[in-house]
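Beneath this line is the structure, given in structure tokens, with notes to follow.
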Amino acid sequence: MQFTKKVCVIGAGAAGLVAAKHAIREGHEVDIFEQTDQVGGTWVYSEETGCHSSMYKVMKTNLPKEAMLFQDVPFHEDLPSFMSHESVLEYLIEYSNDLPIKFNTTVTTIKNSVVTDSFYNVVFVCNGHFFEPLNPYDSSKFKGRILHSHDYREAEDFKDKNVVIVGAGPSGIDITLQVAQTAKKVTLISKKAAYPVLPKTVVQVATHVKEVDETGVVTVEGDHFEADAIIVCTGYVFKFPFLDSSLIQLKHNELMVSPLYQHLCHVDHPTSLFFVGLPLGTITFPLFEVQVKYALSLIAGKGKLPSDATIHNFEDARLHGLQNPAAFHTMVEDQWEYMAELAEMGGFEPWEYMETIRKLYAYIMTERRKNVIGYKLVNFELSKDEKEFKVVDFASQ
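So this is what it looks like as structure tokens:
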């Protein structure tokens with residue numbers, strides 16, 4: 012017999028919403044705490060900088076709608092495959108209908124105690140990780156404008172300027188393509204010159220930035236690139252201000268959350284404290300849902316956990332196979348095996364459509380490397396059984 016639990020969900024972004032939705036379906040009492048006045052998390056755009064939002068004004072998703080949906084809740088058919096951030100936010104707002112969300116409420120502390128303001132049997136931590144910028148450079152000497160991608164909003168701010176962009180991840184390359192339309196010159200610096208096709212105004216340099224000086228950046232080789240503005244696209248660190256360091260630690264430049272089993276369950280509280288959405292380089296929404304299903308199977312006593320020794324050794328075992336420990340939560344190709352393993356341990360059937368998502372993801376990653384300028388200018392059309400897809404030219408729609 013399954014007993015009803017009191018469940019606390021921290022954050023009303025995609026991860027928090029899917030956690031709450033499934034917990035309610037399982038018959039649990041759920042409260043969602045959201046520090047802002049609306050759902051959506053990172054998908055909420057704000058013209059203000061220095062706030063929680065990291066969204067820029069004109070942004071299309073890096074994944075198509077056919078690959079980033081919750082199970083049984085498709086995006087609207089009339090949307091293009093690569094959607095605007097406004098469309099994703101609308102999807103999340105619709106998905107959140109009737110959920111018990113407490114807006115403008117900040118969780119300040121979580122304690123393993125029965126003496127507290129509110130008592131919950133289970134906590135889902137879903138506060139996102141695109142709000143605390145990782146900026147490894149001292150910018151105090153630079154005489155121009157320097158900002159992290161977190162505070163980038165639109166290309167018009169860099170019209171006719173000489174811009175250096177550091178980092179060529181998803182945000183870095185998006186911002187490069189936008190700024191190239193207005194800037195006099197863009198220098199894109201990243202560890203690899205990964206993109207064979209870029210606008211003519213973009214110079215791609217494969218190196219590392221050593222420091223920022225008065226007039227630009229200096230590379231590890233000692234080369235100097237002058238700039239009117241520098242945009243640092245070096246990602247984000249994790250942050251959990253409401254959790255005591257005795258409960259959770261941030262390791263390897265705050266890019267690894269510890270101690271967790273399967274990037275999800277706290278090793279000392281594996282059936283009651285969960286961190287949803289930590290993995291990077293993934294399909295996001297569908298992966299969040301698999302994590303939540305596994306967590307709920309553990310809460311119900313149906314899911315499997317290995318021995319305590321295996322749970323506590325999970326991190327060391329994964330770190331042993333990594334060249335860069337800061338990539339602990341980065342999956343990319345590992346995500347498919349990861350989701351299959353969670354489904355098996357959780358005793359629930361894998362989503363059959365996930366194989367189609369895997370094929371779409373592989374296709375997109377290949378096309379993105381070949382033609383980062385144009386890979387979002389297509390639509391995808393699924394077969395009737397949704398096991399195959401074909402590419403449809405956007406212009407013909």
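First residue of the sequence shown: 12, per our numbering; consecutive thereafter. Glycine included, each C-beta is placed from N, C-alpha and C at the ideal position. A quick note: this is a predicted structure, and the numbers were derived from the prediction, not measured.
Reducing DSSP to helix, strand and coil, say where residue i ends up.
i      : result
Val228 : strand
Pro297 : helix
Thr187 : helix
Phe359 : coil
Ile157 : strand
Gln76  : Residue 76 is actually Lys in this sequence, not Gln. Helix, per DSSP.
His140 : coil
Ser308 : helix
Leu145 : coil
Glu237 : strand
Val18  : strand
Asp168 : helix
Thr341 : strand
Gln192 : coil
Tyr349 : helix
Lys221 : strand
Leu291 : strand
Lys71  : strand
Ordered along the chain, which non-local residues of its own chain (more than five positions away) have a Cβ less than 6 Å from that of residue i?
i      : result
Val125 : The predicted model places Val125 with a pLDDT of 44, which falls under 50 and marks its position as unreliable, so this point remains unresolved.
Met373 : Per the sequence shown, the amino acid found at residue 373 is Ala instead of Met. Hits under 6 Å: none found.
Lys17  : Glu40, Tyr131 and Asn132
Val229 : Lys221, Glu222 and His235
Val301 : Met350 and Leu353
Val70  : It should be noted that the sequence gives Met, not Val, for residue 70. Closer than 6 Å at the Cβ level, and outside the excluded window around Met70, lie His96.
Lys313 : Gly358
Gln46  : Thr117
Short of 8 Å in beta carbon distance, which residues of its chain neighbour residue i, apart from the five on each side in sequence? Order them along the chain.
i      : result
Thr367 : Glu77, Leu393, Glu397, Lys398, Glu399 and Phe400
Leu330 : Pro336 and Phe339
Suppose the cutoff is 7 Å on Cβ atoms and the five residues either side in sequence are ignored; what does the same chain contact list for residue i look like?
i      : result
Glu237 : Asn173, Thr226 and Gly227
Glu378 : Tyr386
Thr119 : Phe253
Met12  : With a pLDDT of 48 at Met12, under the threshold of 50, the modelled position of this residue cannot be trusted, and the question is left open.
Val231 : Thr218, His219 and Lys221
Ile43  : Val20, Ala23, Gly27, Ala31, Leu110, Pro111, Ile112 and Lys113
Ser150 : Ile157 and Val223
Cys244 : Ser160, Ile176, Val177, Gly178, Gly180, Ser182, Gly183 and Ile186
Ser407 : Model confidence at Ser407 stands at a pLDDT of 44, short of 50, so the residue's coordinates are unreliable; what they give is reported in the following sentence. Hits under 7 Å: none found.
Val50  : Ala23, Leu28, Leu103, Ile104, Ser107 and Ile112
Thr127 : Residue placement at Thr127 cannot be trusted, given a pLDDT of 47 that sits under 50; the coordinates are not used to answer.
May I ask which residues mark the beginning and end of the beta strand (DSSP E) holding residue i?
i      : result
Ala217 : Val213 to Ala217
Glu39  : For clarity, residue 39 is His in the given sequence; the question names Glu instead. Counting along the chain, His39 falls outside any beta strand (DSSP E), and DSSP gives it neither H nor E.
Ala424 : Nothing can be reported for residue 424, as the shown portion of the chain is limited to 12 through 408.
Ser394 : Note, Ser394: premise wrong, no beta strand (DSSP E); not H, not E.
His280 : His280 to Phe286
Leu199 : Lys196 to Ser201
Met267 : Met267 to Ser269
Ile384 : Counting along the chain, Ile384 falls outside any beta strand (DSSP E), and DSSP gives it neither H nor E.
Phe251 : Taken as a continuous stretch (DSSP letters only), Phe251 belongs to no beta strand (DSSP E), as it is neither H nor E.
Leu261 : Gln260 to Lys262
Asp162 : Looking at the DSSP string, Asp162 is not in any beta strand (DSSP E), and its letter there is neither H nor E.
Asn335 : No beta strand (DSSP E) contains Asn335, which DSSP labels as neither H nor E.
Lys401 : Phe400 to Asp404
Val175 : Asn173 to Val177
Nearest to residue i by CA position, among the options, is which residue?
i      : options                           : result
Ile294 : Lys68, Thr72 and Gly38            : Thr72
Ile241 : Lys152, Met350, Val41 and Ala25   : Lys152
Lys304 : Phe93, Gly357 and Ala338          : Gly357
Val344 : Val383, Leu388, Gly155 and Pro290 : The sequence given here places Glu at residue 344; Val does not occur at that position. Of the candidates Val383, Leu388, Gly155 and Pro290, the one whose C-alpha sits nearest the C-alpha of Glu344 is Pro290.
Thr193 : Val216, Gly180, Leu266 and Phe169 : Phe169
Tyr348 : Ala337, Pro361, Phe339 and Pro336 : Looking at the sequence provided, one finds Glu at residue 348 rather than Tyr. Glu348 has its Cα closest to that of Pro361, out of Ala337, Pro361, Phe339 and Pro336.
Leu188 : Lys203, Lys202 and Val214         : Val214
Met350 : Ala311, Ile310, Val287 and Val55  : Val287
Gly155 : Ala338, Asp239 and Ile259         : Asp239
Val278 : Ile322, Phe249 and Ile310         : Ile322
Lys211 : Ile121, Leu74, Tyr106 and Lys195  : Lys195
Val208 : Leu353, Leu388 and Asn382         : Asn382
Ala205 : Glu88, Phe391, Ile384 and Thr15   : Ile384
Glu355 : Met66, Glu58, Val84 and Ala306    : Ala306
Lys250 : Leu80, Gln82 and Val136           : Val136
Arg369 : Ser95, Val69 and Met79            : Met79
Ser283 : Val134, Pro270, Thr198 and Phe93  : Val134
Asp83  : Glu363, Phe391 and Gly233         : Glu363
His280 : Thr15, Ala34, Gly52 and Leu258    : Leu258
Asp171 : Leu275, Arg164, Val190 and Asp162 : Val190
Between which two residues does the alpha helix (DSSP H) holding residue i run?
i      : result
Ile322 : Asp319 to His331
Arg366 : A small fix is needed here, since residue 366 is Glu in this sequence, not Arg. Its alpha helix (DSSP H) spans residues Met365 to Lys381.
Would you list, in sequence order, the uninterrupted alpha helix (DSSP H) runs of no fewer than 4 residues that lie entirely inside the region 82-137? 96-106
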